[in-house]
Structures are given as C-alpha cells and as structure tokens.
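Take the sequence shown: its letters are residues 66 to 213, numbered as in the numbering used here.
Every residue, glycine too, gets a C-beta built ideally from N, C-alpha and C.
The structure presented is a predicted model; accordingly, all values stated were derived computationally and were not measured.
What follows is one structure encoded as structure tokens, with my remarks underneath.
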Amino acid sequence: INLPIETPPGLIVHSRPYKKLLNGLVLAERLHMRQTAQGRIIAGSDFGGGDPGMDAQATARALFAATKAMLVDSDGLELDFHTVGYRPTPIDGFPIIGRAEGMDGVYIAVTHSGITLAPAVGLFATREILGGDRDPLLEPYGLSRFAQ
Numbered sequence: 066i067n068l069p070i071e072t073p074p075g076l077i078v079h080s081r082p083y084k085k086l087l088n089g090l091v092l093a094e095r096l097h098m099r100q101t102a103q104g105r106i107i108a109g110s111d112f113g114g115g116d117p118g119m120d121a122q123a124t125a126r127a128l129f130a131a132t133k134a135m136l137v138d139s140d141g142l143e144l145d146f147h148t149v150g151y152r153p154t155p156i157d158g159f160p161i162i163g164r165a166e167g168m169d170g171v172y173i174a175v176t177h178s179g180i181t182l183a184p185a186v187g188l189f190a191t192r193e194i195l196g197g198d199r200d201p202l203l204e205p206y207g208l209s210r211f212a213q
C-alpha cells in the first residue's frame with residue numbers, strides 16, 4: 066500500500082520535575098506547554114513539536130528559553146532532555162481512515178492528531194470493521210481520495 070504521507074520531524078522539550086506552575090494546557094501564539102503529574106513542563110512550538118533544524122540541541126535550548134520566559138516563578142526550572150519524533154501526516158493534512166480497497170482484512174487509520182482523534186476513530190473503525198457500517202462522517206477521509 067502506498068500511503069501519501071509525510072513524516073515531518075517534531076521537537077519537544079522536557080524540564081526536570083518542578084513545583085506546580087500550570088493547571089492545564091497552555092496555548093500561545095508560538096508554543097504550547099503542559100505540566101505532567103510528575104512536575105515536568107513539556108513544550109513544543111506546534112502540536113507535533115517544531116522542526117529541530119540542523120542543530121536539535123540548540124533548537125531545544127531556544128525553545129526551552131522561550132517556554133521558561135512565559136512562566137512566572139520559573140527561575141529554578143531546568144531543561145532535562147528533548148525528544149525528536151517523526152509525525153505520520155497525510156499530505157493533504159487530513160486523516161486517512163478506512164478499508165484498503167482490494168485488500169481483504171486491511172484497515173488504515175493514519176492521522177497526525179492520533180491522540181486527540183483516537184477515541185472517535187477507534188469507535189468508527191470498530192463499527193466499520195465488525196459491522197460493515199461506514200459512518201458518513203468518514204466519507205471524506207478514505208484512501209480512495211488520492212486515486213488518480
């Protein structure tokens with residue numbers, strides 16, 4: 066199966082555990098952040114993390130500095146590590162969800178927003194796989210839209 070996807074890199078910074086600074090997700094113009102139950106501040110420059118460029122360590126330091134600058138009482142906050150992941154992203158930016166035509170037993174669910182869409186996609190996919198009923202909401206997201 067040839068899936069029309071890109072895999073852009075994304076960088077996320079993780080602080081060392083720190084006292085409670087945030088009560089939920091912070092969405093700013095150029096970055097987002099949240100604090101884990103363990104006290105880590107996790108931030109990215111977009112929802113998949115920013116492109117790390119040629120020097121991921123320098124990009125991580127700059128992102129962490131911007132994150133820290135947005136927080137009150139964060140003088141002791143320290144960068145612990147950064148991660149770089151590769152995000153499966155359909156080339157048109159929309160999910161690919163549905164059966165692979167002509168291939169029995171193959172069902173595809175690819176989306177950059179996998180964590181946020183997983184409950185709905187899982188429900189719709191289960192209904193389609195087990196009962197054969199495709200939800201009309203999924204019609205625009207089939208792999209067939211890329212057929213030429």
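With distances taken Cα to Cα, identify the nearest neighbour of residue i among the options.
i: Ile-194; options: Ala-212, Gly-163 and Ala-185; result: Gly-163
i: Asp-138; options: Tyr-83, Arg-199 and Ala-212; result: Tyr-83
i: Phe-129; options: Leu-87, Ser-178 and Ile-107; result: Ile-107
i: Gln-100; options: Met-168, Glu-204 and Thr-132; result: Thr-132
i: Asp-169; options: Glu-143, Ile-70, Gly-197 and Leu-182; result: Gly-197
i: Leu-86; options: Gly-118, Ala-174 and Ala-102; result: Ala-102
i: Phe-189; options: Thr-181, Ile-180 and Arg-199; result: Arg-199
i: Ser-178; options: Gly-118, Pro-117, Gly-187 and Thr-154; result: Thr-154
i: Asn-88; options: Leu-136, Asp-116 and Gly-118; result: Leu-136
i: Ala-134; options: Leu-182, His-97, Asp-120 and Val-175; result: His-97
i: Ser-209; options: Ile-173, Glu-143, Gly-118 and Arg-95; result: Ile-173
i: Ser-80; options: Arg-105, Val-171 and Asp-111; result: Arg-105
i: Asp-145; options: Val-78, Asn-67 and Leu-92; result: Val-78
Does DSSP classify residue i as helix, strand or coil?
i: Gly-196; result: helix
i: Val-186; result: helix
i: Ile-173; result: strand
i: Pro-205; result: helix
i: Arg-95; result: coil
i: Ile-162; result: strand
i: Leu-86; result: coil
i: Gly-167; result: coil
i: Leu-136; result: coil
i: Gly-141; result: coil
i: Asp-179; result: At residue 179 the sequence reads Gly, which differs from the Asp that was named. Note: Gly-179 maps to helix in three-state DSSP.
i: Ala-212; result: coil
According to DSSP, residue i sits in a beta bridge with which residue or residues?
i: His-79; result: Ile-107 and Phe-146
i: Ile-70; result: Pro-155
i: Leu-100; result: Reading the sequence as shown, one finds Gln at residue 100 and not Leu. Ile-106, per the DSSP bridge assignment.
If we count the other Cβ atoms within 10 Å of its Cβ and call it buried at 16 or more, is residue i buried or exposed?
i: Gly-109; result: buried
i: Leu-142; result: buried
i: Pro-117; result: buried
i: Val-181; result: First, the residue type needs correcting, since residue 181 is Thr and not Val in the sequence shown. With fewer than 16 other Cβ atoms within 10 Å, it is exposed.
Exercise. For the stretch 146-159 against the stretch 68-86, are there 3 or more C-beta pairs whose distance is under 8 Å?
Worked result: yes
For this session: Count the CB pairs spanning the stretch 153-163 and the stretch 116-132 that are closer than 8 Å, and state whether there are at least three.
Result: no
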